[in-house]
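For reference, the structure discussed in these notes is given below.
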Amino acid sequence: MCSRYSRVIAIFLALLVANSFAAKSASGKVRSRIGEVTIQKEGKGDWKDLNVGNKVNQSDLIRTLLESQAIIALPDGSNFSIEENSLVSMTEVMTDDGKNYITAEIKSGKIKFDVQKQNGGSHFKFKTGTATAAIRGTYGLTGLSERQTPIAALIFGKMDMFMGTQAVSIHENQAIVTHRDKLVVIDLSAGADADFLDKIDSLAGDSTITEEELLKKAGELDKLRTEALKKLKDGVRCEFEALPDTIRENSVKIQGQCTQGIKVGIGGEMQNSDEGSVTFTPEWSPKQQGPKKFTVTCQVGKTSFDCGNLATYYVSSAPRDSVAGHEPLTLITSSPLTVSDPSATIIEGRFDPSDPNATLTVTHDGKVSDNLLLRNPDGHLRYNLSIKDSWKNWNSELVEVEYNSEKYGTEKATLKLAIKKNSKTINTISPTIGITRTDSLKCFIKLNIKDTEGDQVILTPYVDGVKGIDQIYGNSGEYTLKTTKGIHNYNFTAEDLAGNTSKVSKTLGCFPKTNATLDVEGPKKIRLRVPRPPQNHTNRFYQMIRFKVNGLPENNPQFIKRIVISQSGEKDDVLTETDFHGTAFDRQVGIIRGKTTEIKIKVFLKSGETLNATKIYEVR
Numbered sequence: 022m023c024s025r026y027s028r029v030i031a032i033f034l035a036l037l038v039a040n041s042f043a044a045k046s047a048s049g050k051v052r053s054r055i056g057e058v059t060i061q062k063e064g065k066g067d068w069k070d071l072n073v074g075n076k077v078n079q080s081d082l083i084r085t086l087l088e089s090q091a092i093i094a095l096p097d098g099s100n101f102s103i104e105e106n107s108l109v110s111m112t113e114v115m116t117d118d119g120k121n122y123i124t125a126e127i128k129s130g131k132i133k134f135d136v137q138k139q140n141g142g143s144h145f146k147f148k149t150g151t152a153t154a155a156i157r158g159t160y161g162l163t164g165l166s167e168r169q170t171p172i173a174a175l176i177f178g179k180m181d182m183f184m185g186t187q188a189v190s191i192h193e194n195q196a197i198v199t200h201r202d203k204l205v206v207i208d209l210s211a212g213a214d215a216d217f218l219d220k221i222d223s224l225a226g227d228s229t230i231t232e233e234e235l236l237k238k239a240g241e242l243d244k245l246r247t248e249a250l251k252k253l254k255d256g257v258r259c260e261f262e263a264l265p266d267t268i269r270e271n272s273v274k275i276q277g278q279c280t281q282g283i284k285v286g287i288g289g290e291m292q293n294s295d296e297g298s299v300t301f302t303p304e305w306s307p308k309q310q311g312p313k314k315f316t317v318t319c320q321v322g323k324t325s326f327d328c329g330n331l332a333t334y335y336v337s338s339a340p341r342d343s344v345a346g347h348e349p350l351t352l353i354t355s356s357p358l359t360v361s362d363p364s365a366t367i368i369e370g371r372f373d374p375s376d377p378n379a380t381l382t383v384t385h386d387g388k389v390s391d392n393l394l395l396r397n398p399d400g401h402l403r404y405n406l407s408i409k410d411s412w413k414n415w416n417s418e419l420v421e422v423e424y425n426s427e428k429y430g431t432e433k434a435t436l437k438l439a440i441k442k443n444s445k446t447i448n449t450i451s452p453t454i455g456i457t458r459t460d461s462l463k464c465f466i467k468l469n470i471k472d473t474e475g476d477q478v479i480l481t482p483y484v485d486g487v488k489g490i491d492q493i494y495g496n497s498g499e500y501t502l503k504t505t506k507g508i509h510n511y512n513f514t515a516e517d518l519a520g521n522t523s524k525v526s527k528t529l530g531c532f533p534k535t536n537a538t539l540d541v542e543g544p545k546k547i548r549l550r551v552p553r554p555p556q557n558h559t560n561r562f563y564q565m566i567r568f569k570v571n572g573l574p575e576n577n578p579q580f581i582k583r584i585v586i587s588q589s590g591e592k593d594d595v596l597t598e599t600d601f602h603g604t605a606f607d608r609q610v611g612i613i614r615g616k617t618t619e620i621k622i623k624v625f626l627k628s629g630e631t632l633n634a635t636k637i638y639e640v641r
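In terms of our numbering, the sequence shown is residues 22 to 641.
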């Protein structure tokens with residue numbers, strides 16, 4: 022028999038558990054659905070259609086068929102997209118005081134995810150039966166390959182994957198495949214989409230190759246894909262309106278203009294840019310305050326790639342708390358602050374929030390933020406600093422935080438930035454290279470390099486396919502390079518710190534002064550005695566004249582522009598470049614009996630020089 026005391030304790034614990042569960046339970050919401058998507062509530066009973074606006078709760082099972090997709094929005098603004106032919110169980114969907122606890126088990130197929138930065142203590146996990154992927158504020162995809170082995174790829178952020186006793190970590194532009202029951206990390210030049218990840222995984226399925234051979238083959242595939250991506254990206258433009266520093270509504274309208282005919286996506290939701298404009302309205306729970314960032318994806322055919330990033334900071338209209346005593350402005354973030362992600366650089370500090378009329382601002386590159394007091398009512402400053410070359414603020418390496426209060430005066434703090442200009446997500450603009458002038462006599466070419474303000478460019482020349490010496494330039498401008506004697510094919514590649522490249526090609530000639538000479542074989546004047554011709558025959562007969570151009574660089578006839586052989590009363594004999602097979606020439610000239618014939622030879626060089634010679638025939 023239970024005592025009264027035991028019954029009271031049992032009732033108390035039951036209430037405690039019930040209240041705790043009620044406080045932590047949460048749900049996702051279907052933002053988009055394509056094709057045939059069904060749900061089995063709590064993993065039991067009949068399969069029912071899953072429609073836009075439906076809630077997805079803990080223990081629900083979601084199934085997509087061929088060419089189907091469901092995008093689930095989570096309370097903090099994170100999204101994940103259950104791709105076609107997938108079966109996913111939501112094993113955990115919980116929140117507690119700003120912390121999120123999300124776990125999804127991928128039984129088959131793949132999930133794309135766009136996860137907001139998680140507060141300390143939160144976790145966001147995907148399980149695939151044999152492996153678990155832990156996400157830390159990131160954008161990418163994970164799931165099971167056609168071989169039913171774990172795979173993953175990241176465009177931004179970090180991920181840890183565990184399989185048995187194995188543990189690997191990846192960051193942006195890396196992928197994980199399974200080879201011979203081992204998790205293998207693949208370095209990529211750009212984040213992989215599902216189609217490309219499948220191609221890498223098909224290589225990993227070959228158990229006859231070594232890991233080194235797998236990495237080499239994956240690198241070759243990646244190189245081909247990088248070249249194809251470069252061509253695609255050159256033909257795609259997406260410009261979005263900047264988001265406010267701070268927003269007070271739990272949704273934001275994102276508008277942009279993109280190249281017509283492509284697909285554009287945010288948070289897994291894809292739209293056709295048929296008329297050039299796109300609009301997205303992501304939303305989240307009113308309780309989920311903090312930084313919100315949005316990655317824009319462009320898709321051409323089956324190939325998708327990152328084509329922009331946006332960020333803002335959400336603060337609800339909750340009242341400020343008053344704080345006893347005065348706490349001076351202090352920055353918690355260490356200086357210098359490394360900046361490697363355009364939308365994930367957080368400045369943290371402490372200040373006194375007790376004065377409702379005070380202002381707190383952050384200034385970077387001359388731009389002053391909104392008053393951040395409302396955003397940070399607890400006196401803990403958290404400010405998302407967005408830096409990118411296309412926003413023209415990546416050359417400013419100092420941030421100033423200023424607190425102004427009639428009660429406490431003005432307080433300032435500064436923070437230095439270490440901006441990683443080799444980051445592909447910060448350094449996105451390719452250098453532009455063009456030819457502005459060439460000179461074949463002075464032997465130079467002028468190249469104009471643009472769009473490199475604050476960047477560093479390596480200029481690599483190739484002459485007839487042979488690589489020359491790299492030249493390093495610090496800013497946009499016009500640069501002069503020497504050309505090589507003769508006619509050659511030139512290719513110039515400009516590459517910035519992040520590996521963005523552009524190229525220009527041209528066939529050029531270099532023909533400096535040569536001091537060449539024109540030498541005619543034999544004496545300058547020749548006297549000939551020839552018998553008279555038979556009756557009714559002409560007095561003309563022919564002689565072979567031989568001459569040579571000496572002193573040309575490497576005896577190269579490309580330096581000769583044209584040759585003119587002339588004599589009085591006769592049509593000039595003109596030789597052009599197609600007649601040049603060397604620097605020695607044999608030509609027949611007509612001579613008249615009983616006359617003195619003067620043969621003039623003129624050689625015009627591409628250097629501007631003219632060589633002259635004369636041969637005289639006196640016939641008796």
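Yeah, the Cβ is synthetic: ideal placement off N, Cα and C, and Gly gets one too.
#1: From what residue to what residue does the beta strand (DSSP E) around L402 run?
#2: Using CA coordinates, which residue listed in E105, N78 and S143 is at the minimum distance from M111?
#3: Taking the alpha-carbon of K313 as reference, which of C464, R403 and M180 has the nearest alpha-carbon?
#4: Spatial neighbours of N536 within its chain, please: C-beta separation below 7 Å, excluding the five flanking residues on both sides.
#5: On a Cα-Cα basis, can you pick out the residue from E423, G161 and Q609 that is closest to D214?
#6: Quickly, what does DSSP pair F134 with across the bridge? List them, please.
#7: Rounded to whole angstroms, what is the Cα-Cα separation between F301 and Q276?
#8: Between the C-alpha atoms of K527 and Q309, what's the straight-line distance to the nearest angstrom?
#9: For P482, count neighbouring C-beta atoms within 10 Å of its own C-beta (all shown protein chains included) and say buried if the count is 16 or more, exposed if not.
#10: Is the CB-CB distance between F532 and K471 below 8 Å?
#11: Counting along the chain, where does the alpha helix (DSSP H) carrying E244 start and finish?
#12: Does the separation of the CB atoms of M182 and A174 fall below 8 Å?
#13: Run through the DSSP bridge pairs and tell me what T501 is partnered with.
#14: Which runs of the alpha helix (DSSP H), 4 residues or longer, sit entirely within the region 575-605?
#15: With a threshold of 7 Å on Cβ separation, who are the neighbours of K534 within its own chain once the five nearest residues in sequence on each side are excluded?
#16: DSSP state of A39, grouped into three classes?
#17: Just list the beta strand (DSSP E) runs in the region 309-384, keeping only unbroken ones of 3 residues or longer that don't cross its boundaries, in chain order.
#18: Mind checking which residues open and close the alpha helix (DSSP H) that includes F217?
#19: Which of helix, strand or coil does DSSP assign to A44?
#20: L492 lies in the beta strand (DSSP E); which residues open and close that run?
#21: Suppose the cutoff is 6 Å on Cβ atoms and the five residues either side in sequence are ignored; what does the same chain contact list for I479 look like?
#22: Thinking C-beta only, is K503 closer than 8 Å to C464?
#23: Could you tell me which residues DSSP puts in a beta bridge with F532?
#24: Three or more C-beta pairs under 8 Å: does that hold for the region 225-244 against the region 181-195?
#25: Can you tell which of N443, N416 and T505 has its C-alpha closest to the C-alpha of D460?
#26: Please determine if the region 357-377 and the region 439-453 are in contact, where contact requires at least 3 C-beta pairs separated by less than 8 Å.
#27: Looking at C-alpha atoms only, which residue of K50, V624, L381 and T351 is the closest neighbour of F580?
#28: Rounded to whole angstroms, what's the CA-CA distance from F42 to S80? Just pull it up for me.
#29: So what's D410 in DSSP terms, helix, strand or just coil?
#30: Give me the DSSP bridge partner(s) of A434.
#31: Could you spell out where the beta strand (DSSP E) holding A174 opens and where it closes?
#32: Taking Cβ to Cβ, would you say T604 is nearer than 8 Å to K545?
#33: In three-state terms, what does DSSP make of G49?
#34: Spell out the partners DSSP gives Y511 in its beta bridges.
#35: Please go through the same chain and pick out, in chain order, the residues whose beta-carbon is closer than 7 Å to the beta-carbon of K323, but skip the five residues on each side of it.
#36: Short of 7 Å in beta carbon distance, which residues of its chain neighbour G290, apart from the five on each side in sequence? Order them along the chain.
The answer reads as follows:
#1: H401 to L406
#2: N78
#3: For K313, the nearest C-alpha among the options comes from R403.
#4: Correct list, in chain order: G572.
#5: G161
#6: Per DSSP, F101 and G161.
#7: 7 Å
#8: 57 Å
#9: buried
#10: no
#11: It is worth fixing the name first, because residue 244 is Lys in this sequence and not Glu. Boundaries of the alpha helix (DSSP H) around K244: E232 to D255.
#12: no
#13: K467
#14: none
#15: S628 and E630
#16: Low confidence applies to A39: its pLDDT is 38, below 50, so where it sits in the model is not reliable, and the reading given next is rough at best. The answer is helix: DSSP assigns A39 an H, G or I state.
#17: For the region 309-384, whole beta strand (DSSP E) runs of length 3 or above, ordered along the chain, are 311-321, 324-335, 358-360 and 366-371.
#18: A215 to A225
#19: Confidence in A44 is poor, its pLDDT being 39 and thus under 50, which makes the residue's placement too unreliable to answer from.
#20: As written in the sequence, residue 492 is Gln, which differs from the Leu given in the question. Where Q492 is concerned, the enclosing beta strand (DSSP E) stretches over Q492 to Y494.
#21: D491, I493 and E516
#22: yes
#23: Partner(s): none; F532 has no beta bridge.
#24: Fewer than three pairs of CB atoms, one per stretch, sit closer than 8 Å, so the region 225-244 makes no contact with the region 181-195.
#25: T505
#26: yes
#27: V624
#28: Below a pLDDT of 50, predicted positions are generally treated as unreliable, and F42, at 40, falls in that range; the measurement from the model is reported next regardless. When only Cα atoms are considered, F42 and S80 end up about 14 Å apart.
#29: In the structure shown, D410 sits in a helix (DSSP, three-state: H, G or I).
#30: For A434, which the question treats as bridged, DSSP gives the partners V422.
#31: Residues P171 to M184.
#32: no
#33: strand
#34: V484 and K527
#35: D216
#36: Note on residue identity: the sequence assigns Glu, not Gly, to residue 290. The residues are R52, S53, I92 and F301.
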